[in-house]
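To start, the structure under review is shown below, and the notes come after it.
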Amino acid sequence: MSDLWFTQRMAALDFEASDKDPATARIVSCALILVGGGLPADIREWLVNPGVAQEPGAIAVHGLTDEYLAEHGAPAEQAVGEIAKSVAEVVAAGIPLVGHNLGSFDLNLLSAECGRHLGDSLEGICRAPLTRVIDTLVLDKHAAPYRRRVSEKQGPYQMRTSAETYGLDWDEDEAHGATYDALQSARVAYRIGAIAHTRPKERPDWVHRLRNRRGPYDRFNDLAFVTVEELHRRQVVWAREDAASYQAWLRDPVKSGEKHDPNAVIDGTWPLRPAPSTTESEAL
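Taking my numbering, the leading residue of the sequence shown gets 4, the next gets one more, and so forth.
Written as structure tokens, this is what we have:
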């Protein structure tokens, strides 16, 4: 295979938002960065005035206050239009989109904003289904399963943990900015791909020590020597399986403890979930 998926030109995409729910959140900043493929990086950035008050927790993460965005951000409709157009151009060119939690959050956030401000879904604006998405969260969970939390505040698969797992430095002062996080996700994708395309016996020692309920099988093999389209299709399955596993865990009172929810429903649709109904959209 002449072009391995992790060495191709990629479009790293990341958003900072007004809250954690992609259906209701508003974009406050965005970075779309073309990297790899033997070409210089092409960085595109947007600062957005969402026109609504943000949740305090969101501001604490990204540091962009409502007042700052009102003064310096572009109007939401204008910015969303520009972002959607840029993403559509990337999709039309066949360049894979890459990001951390891209399928569960970022793409759904953008699609909701497209519906809100442009009257169409993201795929409608792209005029094509998204079939070349690389989500480092999905890849990392599949390749290195059952990782434990680093600390009470640092989860097992958050962006920082994935970056440090694959040998990248982490600058907490730069983190949670769209540009930094987008670049880190592309770097993680490259490191994951490099391990997958290394002979199994020559992979890092920590890979050989991975816990695996399927026995000695090395899951990095599932990421090797496949096209981007095939990798995308596999992620659809892995994301669905991971959601089903988490739902079962939440419903199990013994395993989930204080987090037990007998009626938990975790949507494993990836990378784009169905748009809310008209009634639900009007309520947002």
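Yeah, the Cβ is synthetic: ideal placement off N, Cα and C, and Gly gets one too. Model, not experiment: these values are computed from the prediction.
So, using beta-carbon positions, are residue i and residue j closer together than 9 Å?
{"i": "residue 240", "j": "residue 137", "result": "no"}
{"i": "residue 101", "j": "residue 14", "result": "yes"}
{"i": "residue 35", "j": "residue 44", "result": "no"}
{"i": "residue 191", "j": "residue 272", "result": "no"}
{"i": "residue 87", "j": "residue 117", "result": "yes"}
{"i": "residue 168", "j": "residue 184", "result": "no"}
{"i": "residue 226", "j": "residue 213", "result": "no"}
{"i": "residue 238", "j": "residue 145", "result": "yes"}
{"i": "residue 206", "j": "residue 195", "result": "no"}
{"i": "residue 293", "j": "residue 47", "result": "Beyond the ends of the chain as shown, which are 4 and 287, falls residue 293; an answer cannot be given."}
{"i": "residue 248", "j": "residue 17", "result": "no"}
{"i": "residue 98", "j": "residue 11", "result": "yes"}
With 16 as the cutoff for other CB atoms within 10 Å, does residue i come out buried or exposed?
{"i": "residue 104", "result": "buried"}
{"i": "residue 157", "result": "exposed"}
{"i": "residue 274", "result": "buried"}
{"i": "residue 83", "result": "buried"}
{"i": "residue 42", "result": "exposed"}
{"i": "residue 106", "result": "buried"}
{"i": "residue 109", "result": "buried"}
{"i": "residue 181", "result": "buried"}
{"i": "residue 154", "result": "exposed"}
{"i": "residue 354", "result": "Residue 354 cannot be examined here, being either before or after the span of the chain that is shown, 4 to 287."}
{"i": "residue 39", "result": "buried"}
{"i": "residue 19", "result": "buried"}
{"i": "residue 278", "result": "buried"}
{"i": "residue 202", "result": "exposed"}
{"i": "residue 236", "result": "exposed"}
{"i": "residue 163", "result": "buried"}
{"i": "residue 284", "result": "Note that residue 284 scores 48 on pLDDT, short of 50, meaning its location in the model is unreliable and no value can be drawn from it."}
{"i": "residue 115", "result": "buried"}
Whose C-beta lies closer than 8 Å to the C-beta of residue i among residues of the same chain, with five residues either side of it excluded?
{"i": "residue 69", "result": "56, 57 and 62"}
{"i": "residue 94", "result": "100, 129, 131, 133 and 135"}
{"i": "residue 91", "result": "128, 129 and 130"}
{"i": "residue 7", "result": "196, 200 and 228"}
{"i": "residue 281", "result": "Any answer about residue 281 is weak, because its pLDDT of 45 lies below 50 and its placement is not dependable; what the coordinates show is given next. Within the same chain, residue 281 has no close Cβ partners at all."}
Assuming the contact rule is C-beta atoms closer than 8 Å, residue i and residue j should be a hit. Round their C-beta distance to whole Å, please.
{"i": "residue 78", "j": "residue 52", "result": "6 Å"}
{"i": "residue 229", "j": "residue 221", "result": "With 8 Å as the limit, residue 229 and residue 221 do not qualify as a contact, their Cβ atoms being about 15 Å apart."}
{"i": "residue 269", "j": "residue 246", "result": "4 Å"}
{"i": "residue 75", "j": "residue 50", "result": "6 Å"}
Between which residues of its own chain and residue i is the CB-CB distance below 7 Å, once the five residues before and five after are set aside?
{"i": "residue 267", "result": "250, 253 and 254"}
{"i": "residue 21", "result": "28, 29, 31, 53, 55, 57, 58 and 61"}
{"i": "residue 126", "result": "132, 133 and 275"}
{"i": "residue 124", "result": "114, 117, 118 and 278"}
Which residues in the same chain have their Cβ closer than 6 Å to the Cβ of residue i, if we skip the five residues on either side of it in sequence?
{"i": "residue 193", "result": "9"}
{"i": "residue 150", "result": "159"}
{"i": "residue 223", "result": "146, 198 and 199"}
{"i": "residue 67", "result": "31"}
**Message:** Does the structure place the region 160 to 177 close enough to the region 23 to 30 that three or more beta carbon pairs sit under 8 Å?
**Reply:** no
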